[in-house]
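Chemist:
Numbering (our numbering), first residue to last: 279 to 560.
#1: Using a Cβ distance threshold of 8 Å, determine whether the region 408-423 contacts the region 487-495, with at least three qualifying pairs required.
#2: Are the region 333-343 and the region 360-368 touching, with three or more C-beta to C-beta distances below 8 Å?
#3: Residue 529: which of 436, 540, 510 sits nearest, CA to CA?
#4: Would you kindly report the start and end of the unbroken beta strand (DSSP E) that includes residue 358?
#5: Measure the CB-CB distance between residue 461 and residue 474 and report whether it falls below 7 Å.
#6: Going by DSSP, which residues form a beta bridge with residue 437?
#7: Expressed to the nearest angstrom, what Euclidean distance is found between the alpha-carbon atoms of residue 385 and residue 550?
#8: Taking 8 Å as the limit between beta carbons, can you name the residues of its chain near residue 423, skipping five residues before and five after?
#9: Would you decide whether residue 391 is buried or exposed? Buried here means 16 or more other CB atoms lie within 10 Å of its CB.
#10: How is residue 306 classed by DSSP in three states: helix, strand or coil?
#11: Suppose the cutoff is 6 Å on Cβ atoms and the five residues either side in sequence are ignored; what does the same chain contact list for residue 381 look like?
#12: Quick one: Cα of residue 520 to Cα of residue 330, how far?
#13: What residues in its chain sit with their C-beta under 7 Å from that of residue 459, if we drop five residues either side in the sequence?
#14: Report the CB separation of residue 456 from residue 358 in whole angstroms; it is logged as a contact under 8 Å.
#15: Between which two residues does the alpha helix (DSSP H) containing residue 312 stretch?
#16: Please tell me whether residue 418 has its Cβ less than 7 Å away from any Cβ of chain C.
#17: Give me the Cα-Cα distance between residue 413 and residue 523, rounded to the nearest whole angstrom.
#18: With C-beta atoms as the reference, is residue 478 less than 7 Å away from residue 540?
#19: CB-CB under 6 Å to residue 517, same chain, minus the five flanking residues each way: which ones, in chain order?
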């Protein structure tokens, strides 16, 4: 809702080249709604059903599972504690619900003619060699890998209870890398950056979408703090504009950087005898 308020106020106090298209945000609030309105009934109802199922799963587990939590509440927190497998599943369901919201908003924008890339092709973009082996992708991943090799070993996960190393690897792939890469790039670059840049100009759209990207990552610890997210959003926004507003390369980059970061945190991490779930869940 923070994003909705910001966009509304910005629109009110600025003079755009064209009116900002707020309609896709209805599909963020109620996933599938704009798709149904645009005549894609099966797609829209299917999206709504998936979102409703994820939401029900979250609500059924929310008060029963030990939640993941940061080692402290600061932006620089470098350890995420995982008390139980149920906590992993709860966090994954929450992330996928938010992902469905963002993907539905992008799909609504695409159906309204705002973006041209095929929805299904973006889902496999992280594994598309064409996107991975572009010069910018290779250079970015080499830089990210070099920085991770020099990173502090305190940057880690701790897990206990019935959580296995294989559970952490699956969590890293599905929740930490894949879901954010696809859904966040669709929403923040595919929809917000594209629409803001075309409504005002890339000089406004890119930094503004990066700022919104930073705001939603506030207080998340590990690499997902607001400063790092803002810088990443700026770079990914520039990359998108230079690619004629295509986001497939950005999705691939986002996925592999997140995957490497999570892998490093698991490698640095350890299984401990017991972790008490605290109130600082993220």
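Note that beta-carbon positions come from the ideal geometry of N, C-alpha and C, so glycine has one too.
Modeler: Reading it off the structure:
#1: no
#2: yes
#3: As a working note, residue 529 is residue 251 in the chain shown. Ranking 436, 540, 510 by Cα distance to residue 529 puts 510 first.
#4: As a working note, residue 358 is residue 80 in the chain shown. Note, residue 358: beta strand (DSSP E), 357-360.
#5: Looking up residue 461 in the chain shown gives position 183. Looking up residue 474 in the chain shown gives position 196. No.
#6: In the chain shown, residue 437 corresponds to position 159, counting from 1. Paired residues: 360, 549.
#7: Taking the first residue of the chain shown as position 1, residue 385 is located at position 107. Taking the first residue of the chain shown as position 1, residue 550 is located at position 272. Approximately 43 Å, taken between the alpha carbons.
#8: As a first step, residue 423 must be located in the chain shown, where it is residue number 145. Contacts found: 538.
#9: For the purposes of this step, residue 391 is identified with residue 113 of the chain shown, where counting begins at 1. Exposed, because fewer than 16 other Cβ atoms sit within 10 Å of the Cβ of residue 391.
#10: The residue labelled residue 306 in the question sits at position 28 within the chain shown. Helix.
#11: The residue labelled residue 381 in the question sits at position 103 within the chain shown. Result list for residue 381: 461, 464, in chain order.
#12: Sequence index remark: in the chain shown, residue 520 carries index 242 (1-based). Sequence index remark: in the chain shown, residue 330 carries index 52 (1-based). C-alpha separation (whole angstroms): 37 Å.
#13: Taking the first residue of the chain shown as 1, we reach residue 459 at position 181. 404, 529, 532, 533, 536, listed in sequence order.
#14: Translated into positions along the chain shown, residue 456 becomes position 178. Translated into positions along the chain shown, residue 358 becomes position 80. Actually they do not touch by this definition, with Cβ atoms about 18 Å apart.
#15: Taking the first residue of the chain shown as 1, we reach residue 312 at position 34. Residue 312 -> alpha helix (DSSP H) spans 311-315.
#16: This model lacks chain C altogether; it includes just one protein chain.
#17: Here residue 413 refers to the residue found at position 135 of the chain shown. Here residue 523 refers to the residue found at position 245 of the chain shown. Roughly 18 Å between the two C-alpha positions.
#18: Here residue 478 refers to the residue found at position 200 of the chain shown. Here residue 540 refers to the residue found at position 262 of the chain shown. No, these two residues do not count as a Cβ contact at 7 Å.
#19: Working through the chain shown from its first residue, we reach residue 517 at position 239. Cβ within range, chain order: 528.
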